[in-house]
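Enquirer:
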Amino acid sequence: MNIFRLAGDMTHLISVLVLLLKIYATKSCSGISLKTQELYAIVFVTRYLDLFTDFISLYNTVMKLVFIGSSLAIVWCMRYHRVVRRSYDRELDTFRYWILLGVSFILALVLHEKFTLQEVFWAFSIYLEAVAILPQLVLLQRSGNVDNLAGQYVFFLGAYRAFYILNWIYRYLTEQRFTRWISCVSGLVQTALYADFFYYYFISWKNNAKLQLPA
Amino acid sequence: REQPQDHDEL
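Residue numbers (this note's numbering), protein chains in the order written: chain A, 1 to 215; chain B, 1 to 10.
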C-alpha cells in the first residue's frame, strides 16, 4: 500500500459517500445517471468475486464490502425508493449501455491475464469501469448546468483514478515485476474520459460560475 | 507486507 493508492481509495470512498449523502439528504437523484450506478454495481460485483476466497487484508475486505454495498444501495434507492425514484431523469438517462457491457465483455474474452472465470470477469470489470461514467457524463451534458453534488461526485470519481495512475507509476518504479498493464492502460483511458469534464469544472470553479457544459 | 496476489488493489 502506498500513499497514492490510499488517497485514491479514500477519494473513491468520498465520491460514493457524497452520492449517498445527496440522495439520502435531498431524497432526490436528479442529475444522477442510474445507468452509471448500475454499471458500477456490476463493476464491483464482477471484480470482487474473490471476496470470500482470497483474504488480502482487513482493509481490502472491508472496502470491497463497502463498495459493493453502497453501489447496490444507490441502485436500489434510485429504482425502488418511492420518493427518490420520482426525481430520476428517466427521459434524459437514455445511454445504450448494453454496448458498453458487450464491448467490455468481448475485450475481456480477448485480453486477460489468465483464461479463468475469475480473471476474465476481473478484466471485464476493469474495462467496464473505464467507460461506466459515460452515461453520467452524457446526462450532465443534457441537463446543462450541473448541480454541485453531481459535479462533485464526478470530480472525486475522476480524481480517484488519477491517484491510481500515480500509484501504478510508483509501483512500476519500486517493484521488480509490474503486471498491471490491463489496469494501467484502462485507468488511463478512464481518466482521459474525465479530462474534458475536469476542464469545464475548473473553468466554472475559477469563474465561480455554475458549471455549464457545452450541449 | 504485500501479498503476491495479482489483484491486491481495489
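Glycine included, every Cβ here is placed at the ideal spot set by N, Cα and C.
Less than 8 Å separating the beta-carbons of glutamate 9 of chain B and arginine 5 of chain A?
Expert: yes
Enquirer: Considering only C-alpha positions, which residue in the set A:Ser15, A:Phe178 and A:Gly31 is nearest to arginine 142 of chain A?
Expert: A:Gly31
Enquirer: Just tell me which of A:Leu193, A:Gly158, A:Glu91 and A:Ser57 has its CA closest to the CA of leucine 34 of chain A.
Expert: A:Glu91
Enquirer: If contacts are defined as beta-carbon pairs under 8 Å, then phenylalanine 156 of chain A and valine 18 of chain A qualify, I think. What distance do you get, rounded to the angstrom?
Expert: 6 Å
Enquirer: Note down the Cα distance separating isoleucine 3 of chain A from serine 183 of chain A, rounded to an integer number of angstroms.
Expert: Spanning the two alpha carbons is a distance of roughly 18 Å.
Enquirer: For serine 70 of chain A versus leucine 39 of chain A, is the C-beta spacing smaller than 8 Å?
Expert: no
Enquirer: Where proline 214 of chain A and leucine 139 of chain A are concerned, what is the direct C-alpha to C-alpha distance, given to the nearest angstrom?
Expert: 12 Å
Enquirer: Going by the beta-carbon positions, is the gap between leucine 100 of chain A and leucine 128 of chain A smaller than 8 Å?
Expert: yes
Enquirer: So which of A:Lys27, A:Met63 and A:Val131 has the shortest CA-CA distance to isoleucine 74 of chain A?
Expert: A:Lys27
Enquirer: My guess is that glycine 8 of chain A and tyrosine 160 of chain A are in contact by the Cβ rule of under 8 Å, so how many angstroms apart are they, rounded?
Expert: Sure, about 5 Å apart at Cβ, within 8 Å.
Enquirer: Within 10 angstroms of the Cβ of tyrosine 199 of chain A, are there 16 or more other Cβ atoms? Answer buried if so, exposed if not.
Expert: exposed
Enquirer: What are the boundary residues of the alpha helix (DSSP H) that arginine 177 of chain A is part of?
Expert: Where arginine 177 of chain A is concerned, there is no enclosing alpha helix (DSSP H), given that its DSSP letter is neither H nor E.
Enquirer: With DSSP collapsed to three states, give me the class of proline 4 of chain B.
Expert: For proline 4 of chain B, the pLDDT reaches just 45, beneath the cut-off of 50, and the residue's location in the model is therefore unreliable, although a value from the coordinates is still provided. Three-state result, proline 4 of chain B: coil.
Enquirer: Using a Cβ-Cβ distance under 8 Å, would phenylalanine 178 of chain A count as near chain B?
Expert: no
Enquirer: Mind reading off the beta-carbon distance from alanine 123 of chain A to leucine 72 of chain A? Whole number of angstroms is fine, and I expect it under 8 Å.
Expert: Contact doesn't hold; Cβ gap of about 22 Å is too wide.
Enquirer: Can you give the Cα-Cα distance for valine 45 of chain A and leucine 51 of chain A, rounded to whole angstroms?
Expert: Valine 45 of chain A and leucine 51 of chain A: Cα-Cα distance of roughly 9 Å.
Enquirer: Does the separation of the CB atoms of phenylalanine 178 of chain A and tyrosine 172 of chain A fall below 8 Å?
Expert: yes
Enquirer: Whole-angstrom Cβ separation of valine 133 of chain A and valine 103 of chain A, contact assumed at under 8 Å?
Expert: Strictly speaking, residue 133 of chain A in this sequence is isoleucine, with valine absent from that position. Contact doesn't hold; Cβ gap of about 15 Å is too wide.
Enquirer: Specify the secondary structure class of cysteine 29 of chain A as computed by DSSP and reduced to three states.
Expert: coil
Enquirer: May I ask which residues mark the beginning and end of the alpha helix (DSSP H) holding proline 214 of chain A?
Expert: Per DSSP, proline 214 of chain A lies in no alpha helix (DSSP H) segment and is marked neither H nor E.
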